[in-house]
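Using the numbering used here, read the first sequence as starting at 1 and increasing by one per residue. Notes to accompany the following structure.
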Amino acid sequence: MEYRKRSSTCGALRKADTGAAVVLNGWVHRRRDHGGISFVNLRDRYGITQVVVDADADETLRKTADELKFEYCVSVVGRVRARPDSMVNKDMDTGEIEVVADSIQILSRCETLPFMIDEESDAKEELRLKYRYLDLRSFGMQRRLALRHEVALAVREHLAGQGFYEIETPTFIKSTPEGARDYLVPSRLYPGKFYALPQSPQLYKQILMVSGMDKYFQIARCYRDEDARGDRQPEFTQIDIEMSFVKRDDILELVEGMMGYVFKKTLGVELPARFRRLGFDEAIDLYGTDKPDLRFAMEMQDLGELALRTSFQAFKDALAEGEARRVAAAAKGVTQEGGAVKALVVSGKADYSRKQIEELEAAAKIYRAKGMAWMKVSPAAEAGGAPRLEGGASKFFAGLEAELVAALGAKAGDLILMVADARKRVACQSLGAVRSKLGKDLGLYDPSRHPEASAKRFEFAWIVDFPMFEWNEDEATWDTAHHMFTMPQERYHPTLESDPGSVKGDLYDLVMNGFELASGSIRIHDPELQKRIFTIVGFSEEEGQKKFGFLTEAFKYGPPPHGGIAPGLDRLVMLMAGETSIKEVIAFPKNSFAVSPMDDCPSEVDQHQLDELHLRVTYPEAGK
RNA sequence: GGGGGCGUGGCGAAGCUGGUUUAUCGCGCCGGCCUGUCAAGCCGGAGAUCGCGGGUUCAAGCCCCGUCGCUCCCGCCA
Numbered sequence: 001m002e003y004r005k006r007s008s009t010c011g012a013l014r015k016a017d018t019g020a021a022v023v024l025n026g027w028v029h030r031r032r033d034h035g036g037i038s039f040v041n042l043r044d045r046y047g048i049t050q051v052v053v054d055a056d057a058d059e060t061l062r063k064t065a066d067e068l069k070f071e072y073c074v075s076v077v078g079r080v081r082a083r084p085d086s087m088v089n090k091d092m093d094t095g096e097i098e099v100v101a102d103s104i105q106i107l108s109r110c111e112t113l114p115f116m117i118d119e120e121s122d123a124k125e126e127l128r129l130k131y132r133y134l135d136l137r138s139f140g141m142q143r144r145l146a147l148r149h150e151v152a153l154a155v156r157e158h159l160a161g162q163g164f165y166e167i168e169t170p171t172f173i174k175s176t177p178e179g180a181r182d183y184l185v186p187s188r189l190y191p192g193k194f195y196a197l198p199q200s201p202q203l204y205k206q207i208l209m210v211s212g213m214d215k216y217f218q219i220a221r222c223y224r225d226e227d228a229r230g231d232r233q234p235e236f237t238q239i240d241i242e243m244s245f246v247k248r249d250d251i252l253e254l255v256e257g258m259m260g261y262v263f264k265k266t267l268g269v270e271l272p273a274r275f276r277r278l279g280f281d282e283a284i285d286l287y288g289t290d291k292p293d294l295r296f297a298m299e300m301q302d303l304g305e306l307a308l309r310t311s312f313q314a315f316k317d318a319l320a321e322g323e324a325r326r327v328a329a330a331a332k333g334v335t336q337e338g339g340a341v342k343a344l345v346v347s348g349k350a351d352y353s354r355k356q357i358e359e360l361e362a363a364a365k366i367y368r369a370k371g372m373a374w375m376k377v378s379p380a381a382e383a384g385g386a387p388r389l390e391g392g393a394s395k396f397f398a399g400l401e402a403e404l405v406a407a408l409g410a411k412a413g414d415l416i417l418m419v420a421d422a423r424k425r426v427a428c429q430s431l432g433a434v435r436s437k438l439g440k441d442l443g444l445y446d447p448s449r450h451p452e453a454s455a456k457r458f459e460f461a462w463i464v465d466f467p468m469f470e471w472n473e474d475e476a477t478w479d480t481a482h483h484m485f486t487m488p489q490e491r492y493h494p495t496l497e498s499d500p501g502s503v504k505g506d507l508y509d510l511v512m513n514g515f516e517l518a519s520g521s522i523r524i525h526d527p528e529l530q531k532r533i534f535t536i537v538g539f540s541e542e543e544g545q546k547k548f549g550f551l552t553e554a555f556k557y558g559p560p561p562h563g564g565i566a567p568g569l570d571r572l573v574m575l576m577a578g579e580t581s582i583k584e585v586i587a588f589p590k591n592s593f594a595v596s597p598m599d600d601c602p603s604e605v606d607q608h609q610l611d612e613l614h615l616r617v618t619y620p621e622a623g624k
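Encoded structure:
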């Protein structure tokens, strides 16, 4: 089909172009037909320009204009005309002009749309994914993918400027026991053998350090066969980074610099030169999570010893049970935490209804809290007078009112929420979930509603000093909390085997606004130390040799001290775009069941393909 | 593996405790009118076995059981 190629885009023309002869190519975004005169809003990636078909236009042009419908792809030949003052549209970049059409050519037609192309579609996500090519025409999706492009570009610029090489690593790799399930690729040439898609380029980037590459990065696709979430997809993208001859703070400073550059360049946002650093234990204590939203404070407090002096049996039982477990573990030389009673003071919310409190309790119960106690600091209390507690659990605090209120720093009209559990982690996590819910419900991170909230839209922090090992109760073994190549902090090296539970790793996570944005560590480069870690997590020498032999082999040849980190590109862009789902910043995401509704993937394959791959499929039995 | 929410014309929603319908509204679609709109307006029209299957009932979009799909979350995700 012959057609006139565009002379400018639909977002480019301004008043200065008045009189110019132009050709526009684009899609019919909106059409307004007044019988005589009619208007077409023509759209492309760059913007929208109003095309006018005047009342005195020739017959052919009028007829073509009549035919136009939503999303027809057309080529318009015309000239730029300044709009009269009263008809200027200040909401449009091109609102001072319009293009008077001399001719319109229909390049292709469009059926009735499954949903309208707007700034943001209001269609169900299911439909948006099925017709992703239409959804991607929206300015919302176009803007987000543009941002993603800009961010990736800025990352490359910054890291290249710091002397990093971008090096590709294989996507068909050896399956290694690294936590998540692997996606497997069967091998035609080797019956019964499989490649795995990488969960991350972890082993390769470490080997690149052994290779002397010194500074490596890669914007790498990673694959994990686990259930999806709003911020988790089966395939996702990491900004994978590794450096030699570094300590923890070198990595943190590098990422601080990189984030600063990226935010400044793409959003024009100035980040602090240095991010706050918070110990893992402290984060759990104060916020009940290792990825706290620090745009607002409302920190949790520990009732501790005061809880024992109340007449609240549930509190005392939880603490007693936790203490008994801790002591029993300690007798075996294992560090385990006991119970805890955590409290949250919700400022000025003594007017919360029973129902509202129950909704908060439900949030706590998701994380296995048995319940949530509450009471109110009586708003009626006289200033300077003794504080009074009322409602809920207040009766158990008889005689302790003043002490409690002072200890918590509560004031008249506040709501106090408490969770007790024999496992400190459960108490913290569940009350932390309540904190998060309150943050969302009350908009605590919004400075316009809460003056005490952070004025920053993006609150970064480093979480450091993670535990190295976690006790796996089901299998009664120690698992590595991060991965097996993480360096335990130096001072714990003597007691690795005798007390794994107390060991901190040289580990760090970057968090922002309640999301984990990056995770990294200093790695082990000493084969002897590596062997000790394998042993603690129950890896026999042979097993370690079989699974990671190539790495331990490489480490025999002068490996440098090294470490790295991997910020998640999808989550980063998601947060920068103000979204809560990474699907909004991925062109073709999978749905929550790992299916791509557009191309109906995954799908069955022909028998001869299976035969070639030496595969036989067994199906789960029907009906359970 | 578990929990919450949802499923009603092409799209988004309403339909309270079963009985007023011919299942409602907005957008879109089709036809008509209209010379300055920009979410154009006005008039008219078509379009739905209320996800699917079963049950209770004189009567089911609404109640019960089952099932499928979507979505958020817990588990899982070093």
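No residue lacks a Cβ here, since even glycine has one placed at the ideal position from N, Cα and C.
Could you give the DSSP three-state label for residue i: helix, strand or coil?
i, result
"Tyr352", "coil"
"Ile463", "strand"
"Gln142", "helix"
"Tyr204", "helix"
"Lys411", "coil"
"Met300", "coil"
"Pro527", "helix"
"Gly514", "coil"
"Asp479", "strand"
"Gly568", "strand"
"Glu150", "helix"
"Lys556", "coil"
"Leu13", "coil"
Exposed or buried, what is residue i when buried is set at 16 or more other beta-carbons lying within 10 Å of its beta-carbon?
i, result
"Ser108", "exposed"
"Lys624", "Interpretation of Lys624 is limited by its pLDDT of 36, a score under 50 that renders its predicted location unreliable; the figure taken from the coordinates is listed afterwards. Exposed, by the Cβ-count rule."
"Asp576", "What sits at residue 576 in the sequence shown is Met, not Asp. Under this definition Met576 is a buried residue."
"Lys193", "exposed"
"Val617", "exposed"
"Ala476", "exposed"
"Leu615", "exposed"
"Pro620", "exposed"
"Thr112", "exposed"
"Arg571", "buried"
"Lys332", "exposed"
"Ser519", "buried"
"Ile628", "Lying before the first or after the last residue shown, residue 628 is absent from the chain, which here runs from 1 to 624."
"Gly544", "buried"
"Leu13", "buried"
"Ala406", "exposed"
Below 8 Å on the Cβ atoms is my guess for residue i versus residue j; work out the distance and round it to an integer in Å.
i, j, result
"Ala196", "Lys174", "7 Å"
"Gly288", "Arg435", "6 Å"
"Ser454", "Phe296", "7 Å"
"Pro488", "Phe245", "The pair is not a contact, with the Cβ atoms about 19 Å apart (cut-off 8 Å)."
By Cβ distance below 7 Å, which residues in the same chain neighbour residue i in space, the five residues on each side in sequence not counted?
i, result
"Glu612", "Arg188"
"Asp479", "Phe469, Glu470, Asn472, Val537"
"Lys547", "Thr176, Pro177"
"Phe396", "Thr310, Ser311, Phe312"
"Ile104", "Leu61, Thr64, Ala65, Val74, Val76"
"Asn513", "Asp293, Arg295, Phe458, Glu459, Leu575"
"Gly392", "Ala373, Trp374, Met375"
"Met213", "Tyr165, Ile167"
Got a sec? Which residues, its chain only, sit under 6 Å from residue i by beta carbon, not counting five neighbours each side?
i, result
"Leu278", "Ala461, Ile463"
"Ile4", "Residue identity differs from the one stated: residue 4 is Arg in this sequence, not Ile. Val23, Ser75, Val77."
"Tyr183", "Leu197, Tyr223, Asp225"
"Thr9", "Asp44, Tyr46"
"Arg148", "Val573, Val585"
Residues in the same chain with beta-carbon distance under 8 Å from residue i, minus the five sequence neighbours each way, listed in chain order, please.
i, result
"Asp91", "none"
Could you say if the stretch 90–107 and the stretch 45–57 meet the contact criterion of at least three C-beta pairs nearer than 8 Å? yes
Given 8 Å, three or more beta-carbon pairs between the stretch 39–48 and the stretch 80–88: no
Whether or not the stretch 527–536 and the stretch 488–505 are in contact is what I'm after, with contact meaning three or more pairs of Cβ atoms, one per stretch, closer than 8 Å; do they touch? yes
Would the stretch 419–432 and the stretch 449–469 be scored as touching if the rule is three or more Cβ pairs under 8 Å? no
Counting Cβ pairs, one atom from each stretch, are 3 or more of them under 8 Å apart for the stretch 9–25 and the stretch 112–128? no
Three or more C-beta pairs below 8 Å linking the stretch 357–367 and the stretch 443–455: no
If you pair each beta-carbon of the stretch 217–228 with each one of the stretch 163–171, do three or more pairs fall below 8 Å? yes
Under 8 Å, with one C-beta from each stretch per pair, do the stretch 595–605 and the stretch 249–257 reach the 3-pair mark? no
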